[in-house]
Structure formats: C-alpha cells, structure tokens
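Trainee: Read in the UniProt record's numbering, the sequence shown has 146 at position 146, and its numbers run on one by one without any break.
All residues carry an ideal CB built from backbone N, CA and C; glycine is no exception.
Keep in mind it's a predicted model, so treat the numbers as computed, not measured.
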Amino acid sequence: MASFLHIFARWYTIIANLLFLFFFIACGIFCGLVFWHPTVLKQFAKEHVHSRTHKYQTREEAEDAVMDTKEVFGPLLVGSFWACVCGTFLCGIGIVAAAKKSRHILWFYVILFSAVLLAEFVTLMVFFGRPDLFNYHLKNLLDQLVTNYVSEDSRDAKSRALNHFMIEYQCCGSNDVSDFQNAVLFKEHRAKHQIPGPLNPTTCCALYEDGSVHPECTIRSMTEENSNIHRGCWTEILRVATRYGLSVAYGWLGAMFLQVTIIMASAHLIWHKQNTWGDLNQWYANSDNQF
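In structure tokens:
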C-alpha cells in the first residue's frame, strides 16, 4: 500500500504540474499576443465586438475601441503575462524534482509553492471580504477616463474607450452626466470649437434597438427619456466586472484545491520511507538518492 501511494504521489506531482504548465504557457501566449500583437485583438473585435455593435459602429470603430481598451488595461495584461512566466518556472521545478527523485529540489519546490499558495489565499480572502479595495481601483480608472475625456469624435485612446463604454452599456459618465463638469479637456474642446450648450456628450443619447439615435436627443435637449444622462457607467461596469470576477475567483479556488493536493503529494515524497533509513543523519546523507 505504501509503495502504491509513493508511486501515485510521484506521478500525480508530475502530471498535475504538467497540466498547470500547459495552462500557464497557453495563458502567457494569449496575454503576450493580445498585448504585443494587435492582429489578434483586431480579429477578436471583428468576430465578437462588431457582431454586437454593428448597428451603431463600423468595424474600424469597433477595432479602435478594443485597441484603446487594451491600452487602458495594458498593465493587467503585462502582469498576467509575467505571472504565467513565473508559474511556468515553478511547475518546471516540480516536474524536475519528481522526475529526478530529488528531495532537495522538492524541499525548495514545496517551500516556494507554499509561499505562492499563501499569497493566492490572502488575495482571494481580500477579494471576497473587501471587494471595495478592488472596485476602488476600477472606479478610479473609469473616473480618469471621464476626467481626460476630449470629445465624441476625438481619436485619443481615453475618449474612444469611454465613448465605446457609453454606447455599449447605454450609460453616461461615471456616475451621471454631471461628471463631465470636471472634464477640463472637454470644456476646452467645446470652447475652442465654439459649441454652445451644456457639457453633454452626444454619445449619452439613448439608442433604439436598431442602433439609431433618439431623434429628440441633442446637446441642449437631453432628458431622462431620450438619453442616458441619469445612468452612470460605473453601475454597469461594476456588474460586468463582478460577474467575471466571481467566475475567475471560483475557478481560482478550484485551482488552489489542486495546488494543495500537489503540495501534499510532494510532501509525501519528501517524508516517505520506502526503506528503513536509520537515524536522521543517514537519511539526510541519502536525501538525494532515489526515493
């Protein structure tokens, strides 16, 4: 029985690390391509985004919006890429340790893996216990988009990203249209081009199901009936972020359970006595022999 558990623990450590290794490689390639290879994102915009927004956006506009969103969330993509690189390295250590039957490498692997698992546990506990800490950064990012907004037809990344969000989610500003009172660049643009009226972006106008703009919605005549001036984007973005965030968190919990079993299997290999070794000094002297 002990011999069976020993063999099972060794192969489980190897196979489980291989599965995680393939996942990290695939995830790293995806994040790298999305961030450093624009063709991938443009194809995604063509097949998925434009198919839903074609009534009020051209394909080029959908591609631009997705590319601008990538710039906004670029640090997250880069961080995920390097996390995948570190995960690949860690899995490689586990595979080598189990394959070479080295207790020294296994010790290093278990200690490093346990530290990573502890960090993951703390992160998830903070996510479930204090989601406002994560939401704060997302809300601040949206507020910055509003503050740096230029105009409806501006080609800068922040304006195009916010315009896309307001059209896609039928919302206006972060909390409501009054947020644009703090948009200095928007004020300067209106003053420079002598555009009269309140600071109401036309992308806050309500859309019909066919994608056409409400005919009574103009800069001067926006109301709650013909526009989205009362409906901030934060509520919609938070709803979407929470849905995807919870999906990732629950999947992460499942992955953490597998990680715990890998650590247990590796610990079994370290402490397993396949033969009678005698005192501790003799065990340590033989610690890099086959277990």
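Closer than 8 Å by C-beta to residue 297: which residues in its own chain qualify, once you throw out the five before and the five after it? Chain order, please.
Mentor: Outside the shown range of the chain (1 to 291) lies residue 297, about which nothing can therefore be said.
Trainee: On the DSSP letters alone, give me the boundaries of the alpha helix (DSSP H) that E120 sits inside.
Mentor: Taking the sequence shown and counting its residues from 1, the one referred to as residue 120 is at position 120. Where E120 is concerned, the enclosing alpha helix (DSSP H) stretches over R103 to G129.
Trainee: How many angstroms separate the CA atom of W107 from the CA atom of A267?
Mentor: Mapped onto the sequence shown, residue 107 falls at position 107. Mapped onto the sequence shown, residue 267 falls at position 267. Rounded to whole angstroms, W107 to A267 spans 8 Å at the Cα level.
Trainee: Report the rounded CA-to-CA distance for A26 versus G94, giving the unit in angstroms.
Mentor: Walking along the sequence shown from the start, residue 26 turns up at place 26. Walking along the sequence shown from the start, residue 94 turns up at place 94. In a straight line, the C-alpha of A26 is about 18 Å away from that of G94.
Trainee: Would you call the CB atoms of L162 and L145 closer than 7 Å?
Mentor: In the sequence shown, the residue the question calls residue 162 occupies position 162. In the sequence shown, the residue the question calls residue 145 occupies position 145. Taking 7 Å as the Cβ cut-off, L162 and L145 qualify as a contacting pair.
Trainee: Quick check: A98 and T13, are their CB atoms within less than 7 Å of each other?
Mentor: For the purposes of this step, residue 98 is identified with residue 98 of the sequence shown, where counting begins at 1. For the purposes of this step, residue 13 is identified with residue 13 of the sequence shown, where counting begins at 1. Yes. Within cutoff.
Trainee: I believe T147 touches A183 by the beta-carbon criterion, under 8 Å. Please report the beta-carbon distance rounded to the nearest angstrom.
Mentor: Taking the first residue of the sequence shown as position 1, residue 147 is located at position 147. Taking the first residue of the sequence shown as position 1, residue 183 is located at position 183. Contact holds; Cβ gap of about 6 Å.
Trainee: Return yes when the Cβ of G28 is within less than 7 Å of the Cβ of F113, no when it is not.
Mentor: To locate residue 113, count along the sequence shown from 1; it is residue 113. To locate residue 28, count along the sequence shown from 1; it is residue 28. Not in contact: F113 and G28 (Cβ atoms no closer than 7 Å).
Trainee: Under the rule that 16 or more other beta-carbon atoms within 10 Å means buried, what is H50, buried or exposed?
Mentor: As a working note, residue 50 is residue 50 in the sequence shown. Residue confidence is low: H50 scores 47 on pLDDT, short of 50, so the model does not pin down where it sits. Its coordinate-derived value is still stated next. Under this definition H50 is a buried residue.
Trainee: Taking the alpha helix (DSSP H) that Q259 belongs to, which residues open and close that run?
Mentor: Taking the first residue of the sequence shown as 1, we reach residue 259 at position 259. C233 to W271 is the span of the alpha helix (DSSP H), which, as asked, contains Q259.
Trainee: Note down the Cα distance separating Q274 from L253, rounded to an integer number of angstroms.
Mentor: Taking the sequence shown and counting its residues from 1, one reaches residue 274 at position 274. Taking the sequence shown and counting its residues from 1, one reaches residue 253 at position 253. Note on Q274: pLDDT 44, under 50, position unreliable in the model; the coordinate value appears next. When rounded, the distance between both Cα atoms is 33 Å.
Trainee: Could you give the DSSP three-state label for G199: helix, strand or coil?
Mentor: Against the sequence shown, residue 199 aligns to sequence position 199. Per the sequence shown, residue 199 should be read as Leu rather than Gly. Of the three classes helix, strand and coil, the one that applies to L199 here is coil, per DSSP.
Trainee: What does L207 pair with, by DSSP beta-bridge criteria?
Mentor: For the purposes of this step, residue 207 is identified with residue 207 of the sequence shown, where counting begins at 1. Per DSSP, V213.
Trainee: Which whole-angstrom value is the C-beta distance of C31 and L77, which I expect to be below 8 Å?
Mentor: Residue 31 sits at position 31 when you count from the first residue of the sequence shown. Residue 77 sits at position 77 when you count from the first residue of the sequence shown. C31 to L77, Cβ: 5 Å. Contact.
Trainee: Would E152 and T202 qualify as a contact pair, given that the criterion is a beta-carbon distance under 7 Å?
Mentor: The sequence position of residue 152 within the sequence shown is 152, counting from 1. The sequence position of residue 202 within the sequence shown is 202, counting from 1. Going by C-beta atoms, E152 is nearer than 7 Å to T202.
Trainee: For the candidate residues V110, L138 and T88, whose alpha-carbon lies nearest to that of V240?
Mentor: Position 240 of the sequence shown, counting from 1, holds the residue named residue 240. It is L138.
Trainee: Provide the residue(s) that pair with S80 in DSSP beta bridges, ordered along the chain.
Mentor: As a working mapping, residue 80 is identified with position 80 in the sequence shown. None; S80 has no bridge partner.
Trainee: In whole angstroms, what separates the C-alpha of I111 from that of F23?
Mentor: By one-based count along the sequence shown, residue 111 stands at place 111. By one-based count along the sequence shown, residue 23 stands at place 23. For I111 and F23, the distance between alpha carbons rounds to 22 Å.
Trainee: Name the DSSP bridge partner or partners of S227?
Mentor: Within the sequence shown, the letter at position 227 stands for residue 227. Paired residue(s): C205.
Trainee: Can you round the beta-carbon distance between L133 and V126 to whole angstroms, since I take them to be within the 8 Å contact cut?
Mentor: One-based indexing of the sequence shown puts residue 133 at position 133. One-based indexing of the sequence shown puts residue 126 at position 126. About 6 Å separates the two Cβ atoms, so the contact holds.
Trainee: With DSSP as the reference, label H193 as helix, strand or coil.
Mentor: Translated into positions along the sequence shown, residue 193 becomes position 193. Reduced to three states, the DSSP call for H193 is coil.
Trainee: Need the endpoints of the alpha helix (DSSP H) that A161 sits in, please.
Mentor: Taking the first residue of the sequence shown as 1, we reach residue 161 at position 161. Looking at the DSSP string, the run of the alpha helix (DSSP H) that includes A161 is A157 to E168.
Trainee: Using the Cα positions of L246 and T88, report the straight-line distance between them to the nearest angstrom.
Mentor: Stepping through the sequence shown from its first residue, residue 246 is reached at position 246. Stepping through the sequence shown from its first residue, residue 88 is reached at position 88. Roughly 24 Å between the two C-alpha positions.
Trainee: How about W234 and L142: do their beta carbons lie closer than 7 Å?
Mentor: Sequence index remark: in the sequence shown, residue 234 carries index 234 (1-based). Sequence index remark: in the sequence shown, residue 142 carries index 142 (1-based). The answer is yes: Cβ separation under 7 Å.
Trainee: Got a sec? Which residues, its chain only, sit under 7 Å from N135 by beta carbon, not counting five neighbours each side?
Mentor: Mapped onto the sequence shown, residue 135 falls at position 135. Here the set comprises L238.
Trainee: Give me the Cα-Cα distance between A265 and L21, rounded to the nearest whole angstrom.
Mentor: Locating residue 265 in the sequence shown gives position 265, counting from the first residue. Locating residue 21 in the sequence shown gives position 21, counting from the first residue. Going by the C-alpha atoms only, they are around 17 Å apart.
Trainee: Measuring only the C-alpha atoms, how far is Q181 from L199?
Mentor: For the purposes of this step, residue 181 is identified with residue 181 of the sequence shown, where counting begins at 1. For the purposes of this step, residue 199 is identified with residue 199 of the sequence shown, where counting begins at 1. Near 7 Å, if we compare the C-alpha coordinates of L199 and Q181.
Trainee: Spatial neighbours of R10 within its chain, please: CB distance less than 7 Å, with the 5 preceding and 5 following residues excluded, ordered by chain position.
Mentor: Residue 10 sits at position 10 when you count from the first residue of the sequence shown. So the list reads A98 and L269, once near-sequence residues are dropped.
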